[in-house]
Amino acid sequence: MYPTLTCPNRSRQRDSSMRRTSPLPVWTAPAPSPLTRSTMTTATAGMARMNQVQYRSLLISKARLNPLSRHYTPLCTVITKVLTVMNVFAFFFTGTAACPNGSFHCTNAGFRPAFIPSSRINDGICDCCDTTDEYNSGATCQNTCREMGRKERESLQIMAEITKEGFLLKQQLIHEAKRGQEDKQGKLTELQGSKKGLEGKMEALRTVKKTAEDPEKEAKERHLKSWEEQKELIRMEKDKTRMAEAFLELDDDADGYVSVAELQSHLELDPDSDGSLTETETQGLLGGAGKVDTSTFETVWSGIKDKYLSEGLSDPPAPVETPKEEESRDFVSDHDSDHYPEDYAGEEEDVEDDEEDDDHEEEEKVPPTVQTPEKREDDELSMPPYDTETQILIDAAQKARDDFDEAERALREVDGQMKNLEKEIGFDFGPSAEFAYLYSQCYELSTSEYIYRLCPFNRVSQKPKFGGSETNLGLWGQWAGPEENLYSVMKYDHGQGCWQGPNRSTTVKLTCGKETVVTSTSEPSRCEYLMEFTTPAVCQEPASLDEVLHGHTEL
22 MYPTLTCPNR SRQRDSSMRR TSPLPVWTAP APSPLTRSTM TTATAGMARM NQVQYRSLLI
82 SKARLNPLSR HYTPLCTVIT KVLTVMNVFA FFFTGTAACP NGSFHCTNAG FRPAFIPSSR
142 INDGICDCCD TTDEYNSGAT CQNTCREMGR KERESLQIMA EITKEGFLLK QQLIHEAKRG
202 QEDKQGKLTE LQGSKKGLEG KMEALRTVKK TAEDPEKEAK ERHLKSWEEQ KELIRMEKDK
262 TRMAEAFLEL DDDADGYVSV AELQSHLELD PDSDGSLTET ETQGLLGGAG KVDTSTFETV
322 WSGIKDKYLS EGLSDPPAPV ETPKEEESRD FVSDHDSDHY PEDYAGEEED VEDDEEDDDH
382 EEEEKVPPTV QTPEKREDDE LSMPPYDTET QILIDAAQKA RDDFDEAERA LREVDGQMKN
442 LEKEIGFDFG PSAEFAYLYS QCYELSTSEY IYRLCPFNRV SQKPKFGGSE TNLGLWGQWA
502 GPEENLYSVM KYDHGQGCWQ GPNRSTTVKL TCGKETVVTS TSEPSRCEYL MEFTTPAVCQ
562 EPASLDEVLH GHTEL
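First residue of the sequence shown? That's 22 in the numbering used here, and the numbers climb one at a time after it.
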């Protein structure tokens, strides 16, 4: 049965007793069989065909597995005395195709060293740029390590320059952020002092306003009461005049009486509105009498005057809606509503709104009423101007209200500024506030179809390039980078919902650059967007080019 070729376990611990000065372990093997001799001969021949560079690559890449290495790790804690064919292949062919589960080290002088699977050795494909993996395949490979190394060094040089310039810009941003933070803190302290002063001023002006409004209110109420009394006198005089005119119209025979027959011609007075005015109904309107004289007609007139139509009117008056309670204030000056505190007016409006909603259906059921000539005459009357004393009180109260309103507006403005400053000061702008310059700024990227807009620490949006509404792709959420580089990723979520899908969200990846610009956008998953954003704020202190190249090139 043929032996199975395997590789040594590379995870075994190094024996500290094995040093360069220690003699190599000695193995005693029994006389090899013909099969063993044939196998070892083949192995030796294969080793002989390897040139010096290839063999050195094998030894360097797997030095800890090779018994000839000064750092050889034995397979067992107790050294065996039997060297089998399996050991030969394990020790001498690690890193070759004889160990398909192993790996081969490409030295790649002039470029970066690399490991490739042993199964790729001599497969006719050039995997190592120095061609050492195809030492026995006959494949024509060119050593491209020098050229590849040159291109990589040029690329690293450009990256190093960008990183250097970006880092210098970052230092400026940190300096400006520190100064800006101090300015904002000072401004906030100043606003806090202003707020206290405005609050004290408002309280004083509130007292002044109330002191001025109380006498104003009393004076206006007196003026209004006097006007209502005057209107009543005017109305009574007009009512008497109208009653006298109606009596003359109804007294057709001019005998000084209004009879049942004379009153029956006015069908608008029909009590049951059935279209006819009977003698009994007419007599009832006259108080049970057959006819009335001028003195008695005054009592009759109070019951019919609202319906009575003068014979001089060709058409009845148009119906109007039932007047509301507010009409009682129709005769107050236009600026009267300004003479009361805003909170008082607001409460009154709220109550009126609620009543309007609750009584909407009931109002629709109220039948329209006829506006009588008497009512029309009242509406045509205008309240006379305030007397000088009352007007002085009104002007003083108005000035007190204006001063109070101005102080209140100033206080609201200060409150708004303080909230904005506190919000900005409380933001996490990075370890040294290097991202503070992005606050209140927006950056756009135009594609063939859309214009993407990133407003750091606020929102991300998308708008069709050729017209259409804007779509919210997410609101500022948090820094979402890995623990070792937290400030490399921004997360925006709770955007506009997708049709039968989640709310839109955007991940913004930050990379080092001299400019602040959105470089790309994509939608790797439905309703989940990815945006690339360069900024000097993420640039780290650059290492020297030699240090950068040291980790990439083995010369």
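Just so it is clear, CB atoms sit at the ideal spot from N, CA and C, and this is done for glycine as well.
Note that the coordinates shown come from a computational prediction; the quantities given were computed from them, not determined experimentally.
Would you call residue i buried or exposed, if buried means 16 or more other Cβ atoms sit within 10 Å of its Cβ?
| i | result |
| --- | --- |
| asparagine 30 | Because asparagine 30 carries a pLDDT of 41, less than 50, the predicted location of this residue cannot be relied on, and the following value inherits that uncertainty. Under this definition asparagine 30 is an exposed residue. |
| asparagine 441 | exposed |
| serine 176 | exposed |
| methionine 257 | exposed |
| glycine 534 | buried |
| histidine 196 | exposed |
| arginine 474 | buried |
| lysine 217 | exposed |
| alanine 421 | buried |
| arginine 525 | buried |
| glutamate 155 | buried |
Once you ignore the five residues that flank residue i on each side, which residues in its own chain have a CB closer than 7 Å to its CB?
| i | result |
| --- | --- |
| leucine 219 | Ala428, Ala431, Leu432, Val435 |
| methionine 169 | Phe132, Cys150 |
| glutamate 186 | Lys535 |
| lysine 191 | Glu455, Pro557, Ala558, Cys560 |
What residues in its chain sit with their C-beta under 6 Å from that of residue i, if we drop five residues either side in the sequence?
| i | result |
| --- | --- |
| tryptophan 500 | Leu507, Tyr508 |
| tyrosine 458 | Leu194 |
| aspartate 553 | Note that residue 553 is glutamate in the sequence shown, not aspartate. So the qualifying residues of the chain are Lys530, Thr540, Ser541. |
| glutamate 20 | The structure shown does not extend to residue 20, since the chain spans only 22 to 576, so no value can be given for it. |
| glutamate 173 | none |
| glycine 145 | Ser158, Ala160 |
Give me the Cα-Cα distance between residue i and residue j, rounded to the nearest whole angstrom.
| i | j | result |
| --- | --- | --- |
| glutamate 549 | serine 124 | 40 Å |
| aspartate 314 | leucine 402 | 32 Å |
| glycine 451 | aspartate 204 | 18 Å |
| alanine 418 | lysine 252 | 27 Å |
| threonine 555 | proline 477 | 12 Å |
| glutamate 300 | serine 316 | 22 Å |
| asparagine 479 | leucine 496 | 6 Å |
| glycine 516 | phenylalanine 425 | 42 Å |
| glycine 488 | glycine 498 | 29 Å |
| phenylalanine 318 | serine 294 | 23 Å |
| valine 229 | isoleucine 413 | 15 Å |
| leucine 307 | tyrosine 329 | 14 Å |
| valine 596 | phenylalanine 136 | The requested residue 596 does not occur in the structure, where the chain is confined to residues 22 to 576. |
| arginine 350 | glutamate 250 | Unreliable positioning characterises arginine 350 in this predicted model, as indicated by a pLDDT of 43, which lies under 50. A coordinate reading is not provided. |
| arginine 58 | cysteine 162 | Caution applies to arginine 58, whose pLDDT of 49 falls short of 50 and renders its modelled position unreliable; the value that the coordinates give is listed next. Near 34 Å, if we compare the C-alpha coordinates of cysteine 162 and arginine 58. |
| glutamate 505 | arginine 167 | 35 Å |
| valine 578 | leucine 466 | Residue 578 cannot be examined here, being either before or after the span of the chain that is shown, 22 to 576. |
| proline 405 | tryptophan 248 | 8 Å |
According to DSSP, is residue i part of a helix, a strand, or is it coil?
| i | result |
| --- | --- |
| serine 323 | helix |
| serine 604 | Because the chain is modelled from 22 through 576, residue 604 falls outside the range shown and cannot be assessed. |
| glycine 214 | helix |
| aspartate 293 | coil |
| glycine 187 | helix |
| threonine 152 | coil |
| lysine 199 | helix |
| lysine 238 | helix |
| leucine 177 | helix |
Ordered along the chain, which non-local residues of its own chain (more than five positions away) have a Cβ less than 8 Å from that of residue i?
| i | result |
| --- | --- |
| glutamine 202 | Ile446, Ala454, Ala457 |
| serine 490 | Lys484 |
| glutamine 304 | Val281, Ala310, Gly311 |
For residue i, decide whether its Cβ has a neighbour in chain B, counting only Cβ atoms nearer than 8 Å.
| i | result |
| --- | --- |
| threonine 152 | The structure shown contains no chain B; it is built from a single protein chain. |
My understanding is that residue i touches residue j, with C-beta atoms under 8 Å, so please give their C-beta distance in whole angstroms.
| i | j | result |
| --- | --- | --- |
| aspartate 151 | asparagine 164 | 5 Å |
| isoleucine 415 | glutamate 237 | 5 Å |
| alanine 181 | proline 563 | 6 Å |
| histidine 244 | threonine 411 | 5 Å |
| aspartate 291 | glutamate 302 | 7 Å |
| leucine 298 | glutamine 285 | 5 Å |
| lysine 486 | tyrosine 471 | 6 Å |
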